[in-house]
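Worksheet: the structure to be examined is printed underneath.
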Amino acid sequence: MRFPVRSTLSLGTLVCGGLTVWAAATQFKAKQCLDGALHPAASSASITEQGCEMTTSSGSTVLVPISGPPFEAGVTSAFGFVVLGIAASVVFLRRARRPSR
């Protein structure tokens with residue numbers, strides 16, 4: 000039984016791509032937090048383990064949870080997406096150029 004290289008590379012590329020998109024959405028929400036765009040009365044904001052903690056102009060603290068993979072996982076998955084995508088492309092091109100039997 001042969002190892003299914005093409006389908007494994009394709010699946011790995013899709014998984015890494017999905018994780019990259021999820022991490023990008025998480026980072027975008029964190030940036031919105033630090034810019035004060037998640038709450039209209041935010042005067043200062045910080046990212047903690049619980050999520051985005053914003054202090055309003057009245058002095059109260061608002062917590063907005065940010066769920067998702069950490070920054071390092073996003074960078075690693077983007078790298079994996081590129082590497083596996085190139086490897087999958089090479090395998091598909093070699094298969095397409097091979098004469099049929």
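Per numbering that gives the first Met the number 0, the very first residue in the sequence shown carries number 0; after that it's consecutive. From the three backbone atoms N, C-alpha and C, an ideal C-beta is built for every residue, glycine too.
Is DSSP giving residue i helix, strand or coil here?
i: Ser57; result: coil
i: Glu52; result: strand
i: Ser9; result: helix
i: Arg94; result: helix
i: Ala36; result: coil
i: Phe2; result: coil
i: Gly67; result: coil
DSSP has residue i in a bridge; who is on the other side?
i: Ser45; result: Glu52
i: Leu62; result: Glu52
Pull up the CB-CB distance for residue i and residue j, whole angstroms please, since I reckon it's below 8 Å.
i: Thr55; j: Ala44; result: That belief does not hold up - the Cβ atoms of Thr55 and Ala44 are roughly 10 Å apart, past 8 Å.
i: Thr19; j: Ala77; result: 5 Å
i: Gln26; j: Phe70; result: 7 Å
i: Pro64; j: Gly50; result: 4 Å
Given that a residue counts as buried once 16 or more other Cβ atoms are within 10 Å of its Cβ, and exposed if not, what is residue i?
i: Thr60; result: exposed
i: Gly73; result: buried
i: Ala22; result: buried
i: Thr47; result: exposed
i: Phe2; result: exposed
i: Phe91; result: exposed
- Task: Would you be able to state if there are at least three C-beta pairs under 8 Å between the region 1–19 and the region 74–87?
- Result: Cβ pair count under 8 Å is three or more, so yes.
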